[in-house]
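S.K.:
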């Protein structure tokens, strides 16, 4: 059993944990999960993330508006996020970014893409103003994400990286860290594995996106931070230069350095 696991991106405020949230967080902490960053995806979920961070000493929060939440955000969304970003338990602005994924053959309209970009730009500026790293959601929008990050340079991580390897290497060259999660345990993870094999260990962060992405052997169940053990096992196997515990320890040190936790 691994220790010093730090899950840099989870959503323990989600309804999937309503029945046993406190018990799950306490049990995982006792079993080796040293820390969690609970990610906001809207104004309400950012408030819930901060509430969890104030309730549990090993939980921290990131606050932000997720791209698919951009269309319905309240007129004062930015001022609310900016106020939350001042909280001592807030360690990042996120989850922010772009999402152009096609669902049933349809993706965001051009107007919706522009809305996403405007909301993304505003939060990149907020992160720079507050001196906070960013947690970036990029789904099928690699070129635009890279372009906007080029316009507004900042520090941070790409959450749940699962793009083509060429984009991973470009983002690493730009100075970003990559969040690697249970996706690496699935059969279609060839591009991600190529990046993990060749990336600097100093840019590795670990996450689950709990409850949304369980490791392959738990497919169909809700994800929890302990599933990072499976992630570390695969990372150690495909790299060949570290053990699973060394992967967890390195990622924890990278988390400390990036987020100041």
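Numbering (our numbering), first residue to last: -10 to 250. Glycine residues also receive a C-beta, built at the ideal position from the N, C-alpha and C atoms.
Find out if the Cβ-Cβ distance for the pair residue 49, residue 184 is shorter than 7 Å.
M.R.: On the chain shown, residue 49 is found 60 positions in, with the first residue counted as 1. On the chain shown, residue 184 is found 195 positions in, with the first residue counted as 1. Contact flag unset, no.
S.K.: Could you give the uninterrupted runs of the beta strand (DSSP E) lying entirely in the stretch 14 to 42, keeping only those of 3 residues or more?
M.R.: 22 to 28
S.K.: Is it true that the CB of residue 76 sits closer than 7 Å to the CB of residue 39?
M.R.: To locate residue 39, count along the chain shown from 1; it is residue 50. To locate residue 76, count along the chain shown from 1; it is residue 87. Yes, they are a contact pair.
S.K.: Who does residue 216 pair with in a DSSP beta bridge?
M.R.: The residue you call residue 216 lines up with position 227 of the chain shown. Per DSSP, none; premise fails for residue 216.
S.K.: On the criterion of 16 or more Cβ atoms from any shown chain inside 10 Å, does residue 186 qualify as buried, or is it exposed?
M.R.: Looking up residue 186 in the chain shown gives position 197. Exposed, since its Cβ has fewer than 16 Cβ neighbours within 10 Å.
S.K.: Tell me whether the beta-carbon of residue -8 lies closer than 7 Å to the beta-carbon of residue 148.
M.R.: Working through the chain shown from its first residue, we reach residue -8 at position 3. Working through the chain shown from its first residue, we reach residue 148 at position 159. Not a contact, by the Cβ cut-off of 7 Å.
S.K.: Does the count of Cβ pairs from the stretch 50 to 60 and the stretch 101 to 114 closer than 8 Å reach three?
M.R.: yes
S.K.: Can you tell me whether residue 145 is buried or exposed? The criterion is at least 16 other CB atoms within 10 Å of its CB, across all chains shown.
M.R.: For the purposes of this step, residue 145 is taken as the residue at position 156 of the chain shown. With 16 or more Cβ atoms within 10 Å of its Cβ, residue 145 is classed as buried.
S.K.: Rounded to the nearest angstrom, how far is the Cβ of residue 79 from that of residue 34, given a contact under 8 Å?
M.R.: In the chain shown, residue 79 corresponds to position 90, counting from 1. In the chain shown, residue 34 corresponds to position 45, counting from 1. Contact doesn't hold; Cβ gap of about 13 Å is too wide.
S.K.: Give me the DSSP bridge partner(s) of residue 151.
M.R.: Here residue 151 corresponds to residue number 162 of the chain shown, with the count starting at 1. Per DSSP, none; premise fails for residue 151.
S.K.: Please name the residue, chosen from 238, 244, 222, 212, that lies closest to residue 124 on a Cα-to-Cα basis.
M.R.: Indexing the chain shown from 1 puts residue 124 at position 135. Looking at the Cα atoms, 244 is the closest of the given residues.
S.K.: Buried or exposed, going by whether 16 or more other CB atoms sit within 10 Å of the CB of residue 210?
M.R.: The count along the chain shown starts at 1 and reaches residue 210 at position 221. Exposed.
S.K.: Can you grab the Cα-Cα spacing for the pair residue 36 / residue 21, in whole Å?
M.R.: Start at 1 with the first residue of the chain shown, and residue 36 comes out as number 47. Start at 1 with the first residue of the chain shown, and residue 21 comes out as number 32. Whole-angstrom Cα-Cα distance: 26 Å.
S.K.: Would residue 197 pass as a contact of residue 214 if the rule is Cβ separation under 7 Å?
M.R.: Taking the chain shown and counting its residues from 1, the one referred to as residue 197 is at position 208. Taking the chain shown and counting its residues from 1, the one referred to as residue 214 is at position 225. Against a cut-off of 7 Å, the Cβ pair of residue 214 and residue 197 comes out as a contact.
S.K.: Does DSSP put residue 166 in a helix, in a strand, or in coil?
M.R.: Residue mapping note: residue 166 aligns to position 177 of the chain shown, counting from 1. Residue 166: strand per DSSP, three-state reduction.
S.K.: How many Å lie between residue 154 and residue 168 at the Cα?
M.R.: Within the chain shown, the letter at position 165 stands for residue 154. Within the chain shown, the letter at position 179 stands for residue 168. Their backbone Cα atoms lie some 14 Å apart in a straight line.
S.K.: Our contact map puts residue 221 next to residue 199 with C-beta atoms below 8 Å; I'd like the distance itself, whole angstroms only.
M.R.: Mapped onto the chain shown, residue 221 falls at position 232. Mapped onto the chain shown, residue 199 falls at position 210. With a Cβ gap of about 16 Å, residue 221 and residue 199 do not count as contacting.
S.K.: Who are the near neighbours of residue 47 in its chain, counting only those whose CB is closer than 7 Å to its CB and skipping five residues on each side?
M.R.: For the purposes of this step, residue 47 is taken as the residue at position 58 of the chain shown. Taken in chain order, the residues that qualify are 18, 23, 24, 25.
S.K.: Which same chain residues end up closer than 8 Å to residue 239 when comparing Cβ atoms and leaving out the 5 residues on each side of it in sequence?
M.R.: In the chain shown, the residue the question calls residue 239 occupies position 250. Cβ within range, chain order: 190, 191, 193, 231.
S.K.: Return the Cβ separation of residue 116 and residue 143 in integer angstroms, given the expectation that the two are a contact with Cβ distance under 8 Å.
M.R.: Here residue 116 corresponds to residue number 127 of the chain shown, with the count starting at 1. Here residue 143 corresponds to residue number 154 of the chain shown, with the count starting at 1. That pair is a contact at about 6 Å.
S.K.: Report yes if the C-beta distance between residue 66 and residue 13 is below 7 Å; otherwise report no.
M.R.: Looking up residue 66 in the chain shown gives position 77. Looking up residue 13 in the chain shown gives position 24. Judged by beta-carbon spacing, residue 13 lies beyond the 7 Å limit of residue 66, meaning their Cβ atoms are not closer than that value.
S.K.: Could you name the residues of the same chain whose beta carbon sits closer than 6 Å to that of residue 131, not counting the 5 residues immediately before and after it, in chain order?
M.R.: The residue labelled residue 131 in the question sits at position 142 within the chain shown. 152, 156, listed in sequence order.
S.K.: Under three-state DSSP, which class holds residue 85?
M.R.: Counted from its first residue, the chain shown places residue 85 at position 96. Under the three-state reduction of DSSP, residue 85 is assigned to strand.
S.K.: For a minimum of 3 consecutive residues, which ranges assigned as the beta strand (DSSP E) are wholly contained in the stretch 66 to 125?
M.R.: 79 to 88
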